[in-house]
Amino acid sequence: MNPFTERKRITQPERFVGRWRELSVIFDRLDTGRPVLVGGVAGIGKSSLLTHIAQSAAVNLERPDLLALYADMAPAEDEAALFHLITRSLGSRGDSEAALEVALLERAEPVLLCLDNADRAIAAGWGAATLEKLARLARRSLRYLPAGMPLPLPGQPSSPVPTTAAMEPTFLLVAACHGRPPVLSEPFATVTLGAISSPEVRLLTDAYLDYTGVSFSPADLRELEEVSLGHPAYLQRAAYQLYIARSSDPTYDWKAAYFADAQNRPIPGAPLPPVVFEGGRAADPYGSFYGMDDVTRRLHLDRMDIAAPDDLPLFLLPLVVFLVAWQVSGNLLIGGVTLLITIGVVMLARRLVGARSRQPEQPIASDSSGQQQEEQHAE
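Sequential numbering from 215 applies to the sequence shown in our numbering.
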């Protein structure tokens, strides 16, 4: 079986790799009791990241008694249905915010709630208010640990190591949504997932190729990153086709198969990598669009042309004149006026030079008819 067969989300901990920076930020915010919203385009790995957070939170937060819950908000009809699901998972009953708060208070262990597809609930009209209610519960769950109070350890009534005063959250919240995280009244920390890096591409493919007897060369990995632009879902599709070529059919045109598949079955909500439409040309060397906001994307598309090196002394001239005038006069105002005058002179000179260079040159040609007339007159 091809190990790169498409899956909804990565549920096996050994196959989740990378996202170190994002995980560091998320766990740091959760440790202080602040809820987190994770955003990104479709297929970028939000659900897999949430699953990994639920699986590894107890270790990363150093709270072995932590109970982690993963819930999908998309199937829930309304807020009451979601609250009922959560309270039942906590061993209690009820479908309201008050019932959930009671269920949390009845537990001595901290609880982490990971909510997926929050954008579906927000689009349905009840998701934003529900997230704000859960964020308020998380804020109210902060528990004060005075200095010298020992932290409880599993299997021991108390720890002999004294501690400093701290605020410890007992209810932690992280949610994922499609696109840019929405602005809510409660203070959420936001993390937007972008393309994965080259080392993450290598680690991801190695994790899937483990025990298959097949390996991808460094050139293969560069091509995979090129045709997918680091988008995990498109990377998985490209690796699926490459695996066929490397495992059973060396003549198999895996790139053509991937391009056809990406065009026929694009991921809803995720833009196709430009290379798919360019017949396999090299990807944009300036980076990936995935994870960019609108301003960054516009700057990416409208990159300014850098002045040629020949013009560099001309651009530095006003600065040099300003510094000299400032040092000689000892007056910053005089230096500023000199700077403005020099800039005006430089701009005027560039305009005059540019206008002269744009004037068409008059070709020097002999007038054959005039020469003939002069020759006839001489005769």
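Where is the CB? At the ideal position from N, CA and C, for every residue including glycine.
Which residues mark the beginning and the end of the beta strand (DSSP E) in which residue i is found?
{"i": "Asp330", "result": "325 to 330"}
{"i": "Thr404", "result": "403 to 406"}
{"i": "Asp420", "result": "Taken as a continuous stretch (DSSP letters only), Asp420 belongs to no beta strand (DSSP E), being part of the alpha helix (DSSP H) at 412 to 423."}
{"i": "Leu283", "result": "281 to 286"}
{"i": "Ala389", "result": "385 to 390"}
Would you kindly work out how many angstroms separate the C-alpha atoms of residue i and residue j, rounded to a whole number?
{"i": "Val535", "j": "Leu553", "result": "7 Å"}
{"i": "Glu323", "j": "Ser355", "result": "12 Å"}
{"i": "Gln338", "j": "Ala282", "result": "The question names Gln, but residue 338 in the sequence shown is Ala. Going by the C-alpha atoms only, they are around 26 Å apart."}
{"i": "Val239", "j": "Arg479", "result": "34 Å"}
{"i": "Asp330", "j": "Gly549", "result": "59 Å"}
{"i": "Phe503", "j": "Ala288", "result": "Confidence at Phe503 is low in this model, with a pLDDT of 45, below 50, so the placement of that residue should be treated as unreliable; the coordinate-derived value is given next. Rounded to the nearest angstrom, the two C-alpha atoms are 27 Å apart."}
{"i": "Asp286", "j": "Ala332", "result": "8 Å"}
{"i": "Ala459", "j": "Leu318", "result": "53 Å"}
{"i": "His392", "j": "Leu244", "result": "21 Å"}
{"i": "Val560", "j": "Trp234", "result": "49 Å"}
{"i": "Ser543", "j": "Arg565", "result": "30 Å"}
{"i": "Ala471", "j": "Leu314", "result": "50 Å"}
{"i": "Glu220", "j": "Thr465", "result": "23 Å"}
{"i": "Val405", "j": "Asp279", "result": "26 Å"}
{"i": "Leu537", "j": "Asn545", "result": "11 Å"}
{"i": "Leu194", "j": "Ile557", "result": "No answer is possible for residue 194: it lies beyond the span of the chain, which begins at 215 and ends at 593."}
Tell me the residue span of the alpha helix (DSSP H) that contains residue i.
{"i": "Phe473", "result": "468 to 478"}
{"i": "Ala294", "result": "293 to 303"}
{"i": "Phe218", "result": "No alpha helix (DSSP H) contains Phe218, which DSSP labels as neither H nor E."}
{"i": "Gly253", "result": "Taken as a continuous stretch (DSSP letters only), Gly253 belongs to no alpha helix (DSSP H), being part of the beta strand (DSSP E) at 250 to 253."}
{"i": "Val273", "result": "260 to 274"}
{"i": "Thr344", "result": "341 to 354"}
{"i": "Ala453", "result": "446 to 461"}
{"i": "Ile240", "result": "234 to 245"}
{"i": "Pro432", "result": "432 to 442"}
{"i": "Val316", "result": "311 to 320"}
Do you know whose CA, among the options, lies nearest residue i's CA?
{"i": "Gly408", "options": "Glu236, Val231, Arg243, Phe230", "result": "Glu236"}
{"i": "Pro217", "options": "Leu537, Tyr454, Leu547", "result": "Tyr454"}
{"i": "Thr246", "options": "Gly393, Leu329, Pro396, Arg357", "result": "Arg357"}
{"i": "Glu276", "options": "Asp292, Val542, Phe241", "result": "Phe241"}
{"i": "Ser461", "options": "Ala342, Phe430, Gln226", "result": "Phe430"}
{"i": "Trp468", "options": "Thr344, Val538, Ala335, Asp434", "result": "Asp434"}
{"i": "Ala563", "options": "Tyr466, Pro532, Pro413", "result": "Pro532"}
{"i": "Ala349", "options": "Ile336, Leu327, Asp333", "result": "Leu327"}
{"i": "Ala484", "options": "Gly444, Tyr466, Thr465, Pro464", "result": "Gly444"}
{"i": "Glu228", "options": "Ala335, Ala421, Ala539", "result": "Ala421"}
{"i": "Gly341", "options": "Ala470, Leu418, Val551, Pro396", "result": "Pro396"}
{"i": "Thr225", "options": "Ala268, Ala290, Leu318, Trp540", "result": "Ala268"}
{"i": "Ser411", "options": "Glu439, Ser261, Ala313, Ala459", "result": "Glu439"}
{"i": "Lys222", "options": "Leu244, Ser261, Arg243", "result": "Ser261"}
{"i": "Val490", "options": "Gln541, Ala312, Glu437, Leu547", "result": "Glu437"}
Given a cut-off of 8 Å, decide if residue j and residue i are closer than it, judged by their beta-carbon atoms.
{"i": "Leu263", "j": "Tyr284", "result": "no"}
{"i": "Pro482", "j": "Ala294", "result": "no"}
{"i": "Glu400", "j": "Glu346", "result": "yes"}
{"i": "Pro488", "j": "Val441", "result": "no"}
{"i": "Leu449", "j": "Val415", "result": "yes"}
{"i": "Phe385", "j": "Val325", "result": "yes"}
{"i": "Ser306", "j": "Glu320", "result": "yes"}
{"i": "Pro446", "j": "Gly308", "result": "no"}
{"i": "Leu398", "j": "Ala352", "result": "no"}
{"i": "Ala474", "j": "Arg451", "result": "no"}
{"i": "Ala403", "j": "Arg248", "result": "yes"}
{"i": "His266", "j": "Phe297", "result": "no"}
{"i": "Leu530", "j": "Gly232", "result": "no"}
{"i": "Ala390", "j": "Ala335", "result": "no"}
Looking at the C-beta of residue i, does it have a partner C-beta in chain D at a distance below 8 Å?
{"i": "Leu280", "result": "Included in the structure is just one protein chain, with no chain D present."}
| field | Segment contact flag, the stretch 267 to 281 with the stretch 408 to 428, C-beta cutoff 8 Å, min 3 pairs | value | Because the criterion of three Cβ pairs below 8 Å is not met, the stretch 267 to 281 and the stretch 408 to 428 do not touch.
| query | Are the stretch 243 to 253 and the stretch 289 to 306 touching, with three or more C-beta to C-beta distances below 8 Å? | reply | No, they do not touch.
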